[in-house]
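Here the structure comes first, spelled out in structure tokens, and everything after it is commentary.
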Ligand code: GLU
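Next up, the structure:
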């Protein structure tokens with residue numbers, strides 16, 4: 006299989022990898038909860054069960070939401086659960102120059118343009134009172150074709166511009182997902198021209214994730230299906246950057262009884278909380294394996310012991326509804 010070139014600062018260069026290369030990509034914005042852990046377990050099983058490699062990337066670009074202490078805690082939580090990774094954990098922050106190179110490539114090819122719109126200006130320009138559910142607001146294209154380059158945008162407005170990807174009118178991106186099957190993402194209708202670099206010069210999630218997955222030769226991206234819509238945008242970036250996209254496996258999330266994704270209001274479901282209470286990792290793993298349809302009961306187990314049985318088809322189609330503390334008494 007054709008692989009993207011692996012950069013020097015990490016990854017698996019020099020090593021022979023026979024199976025697919027996957028990755029765990031936690032954001033250190035809070036400790037790992039049962040929902041993240043379930044997706045990471047599946048991502049790990051999916052590549053390891055095929056003799057593949059698993060990289061670990063800490064997505065530490067999310068500005069003020071990133072908590073430095075959460076990086077170490079995330080690594081501890083993953084190891085405690087029995088997940089491992091190949092090579093050193095990678096951080097995104099030292100790679101900012103690499104994302105800037107990719108952005109400049111997109112600029113040189115005419116794929117992106119400078120934009121000085123503020124969030125409230127975009128909100129005011131919405132034709133519907135709210136943008137489509139879950140996708141935020143659709144960008145109406147105000148700055149498309151407005152400035153020749155960033156220097157002109159700065160000179161005319163006094164503002165540092167963000168950069169937006171030019172989504173051709175009517176763009177719908179089809180792809181095959183290993184869990185959801187054939188998917189079509191109406192990128193133009195949902196979000197329109199999307200941000201690849203922010204006004205402060207930081208890369209947007211969409212650009213960083215594509216550059217990383219391409220540079221590190223990732224063959225499979227397994228993550229929550231809240232990111233299905235993002236995958237449409239990411240596939241446009243793969244194409245514009247001339248990189249080979251990975252396979253995708255998007256899994257339903259764990260939700261609370263109110264149907265919303267796990268959050269603080271659903272009680273403490275952090276792995277560190279169960280760990281501190283003395284719940285054995287094997288019990289947590291057994292519970293997660295059961296919610297993934299890999300085991301008929303919650304009997305304690307380890308990730309290694311699940312390798313032979315991993316099948317994406319076994320995973321329930323619906324979100325798993327977490328009712329209360331699964332390791333509480335009674
Ligand atoms: N860091 C993202 C998250 O924790 C995952 C991004 C991805 O897998 O592409 O939600």
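In the numbering used here, the protein residues as written are 6 to 335. The C-beta atom is built at its ideal place from N, Cα and C for all residues, glycine as well.
Query: Straight-line Cα distance separating residue 263 from residue 270; Result: 10 Å
Query: Residue 116 - DSSP class collapsed to helix/strand/coil; Result: coil
Query: Given residue 328 as reference, the closest of 311, 247 and 296 once Cα atoms are compared; Result: 296
Query: Limits of the alpha helix (DSSP H) - the one that residue 179 falls within; Result: Unbroken run through residue 179 is the beta strand (DSSP E), 178 to 182; no alpha helix (DSSP H).
Query: Beta-carbon separation (whole angstroms), residue 276 vs residue 37, contact threshold 8 Å; Result: 5 Å
Query: Contact between the region 308 to 318 and the region 62 to 80 (3+ Cβ pairs under 8 Å); Result: no
Query: Pairwise C-alpha distance: residue 246 and residue 110; Result: 8 Å
Query: Collapsed DSSP secondary structure at residue 225 in the structure displayed; Result: strand
Query: Inter-residue spacing [alpha-carbon to alpha-carbon] between residue 79 and residue 159; Result: 40 Å
Query: Inter-residue spacing [alpha-carbon to alpha-carbon] between residue 237 and residue 191; Result: 8 Å
Query: Supposed close pair residue 60, residue 28 - CB separation, criterion 8 Å; Result: 4 Å
Query: Beta-carbon gap between residue 257 and residue 169 smaller than 9 Å; Result: no
Query: Distance cut-off 8 Å: residue 210 Cβ against heavy atoms of ligand 1; Result: yes
Query: First through last residue of the alpha helix (DSSP H) which encompasses residue 39; Result: 39 to 53
Query: Reference residue 385; option with closest CA among 164, 272, 185 and 307; Result: Past the boundaries of the shown model lies residue 385; the chain is included only from 6 to 335, so the question cannot be answered.
Query: Same chain only: Cβ atoms within 7 Å of residue 142, ignoring 5 sequence neighbours per side; Result: 127, 128, 131 and 136
Query: Proximity to residue 219 [Cα-Cα], best of 198, 205, 242 and 207; Result: 242
Query: Residue 146 versus residue 47: straight-line alpha-carbon distance, rounded; Result: 39 Å
Query: Inside the region 271 to 331 only - alpha helix (DSSP H) runs reaching at least 4 residues; Result: 276 to 281, 286 to 296 and 308 to 311
Query: Option in 225, 214, 64 and 268 with minimal Cα separation from residue 5; Result: Absent from the structure is residue 5, since the part of the chain shown begins at 6 and ends at 335.
Query: Proximity test, residue 183 beta-carbon vs ligand 1 heavy atom, cut-off 8 Å; Result: no
Query: Residue 43 burial status per 10 Å Cβ neighbour count (16 or more: buried); Result: buried
Query: Residue 166 CB to nearest heavy atom of ligand 1 below 8 Å; Result: no
Query: Residue 114 at chain C interface by Cβ criterion, 9 Å; Result: Among the protein chains of the structure shown there is no chain C, as only one such chain exists.
Query: Contacting residues, own chain, Cβ-Cβ under 7 Å from residue 50 (five flanking each side not counted); Result: 308, 311, 312 and 315
Query: One or two residues paired with residue 95 in a DSSP bridge; Result: 62
Query: Other residues of its chain near residue 25: CB distance less than 7 Å, five sequence neighbours each side excluded; Result: 52, 55, 57, 224 and 225
Query: Option nearest residue 239 by Cα separation, candidates 162, 250, 231 and 94; Result: 250
Query: Sequence-distant residues of its chain with Cβ nearer than 8 Å to residue 108 (five each side left out); Result: 117, 168, 201, 202, 208 and 212
Query: Distance cut-off 8 Å: residue 64 Cβ against heavy atoms of ligand 1; Result: yes
Query: Span separating the alpha-carbon of residue 157 from that of residue 164; Result: 10 Å
Query: Own chain partners of residue 284 with C-beta closer than 7 Å, once the 5 adjacent residues on each side are dropped; Result: 332
Query: Whether residue 90 touches residue 96 by CB criterion (9 Å); Result: no
Query: Residue 196 versus residue 210: straight-line alpha-carbon distance, rounded; Result: 15 Å
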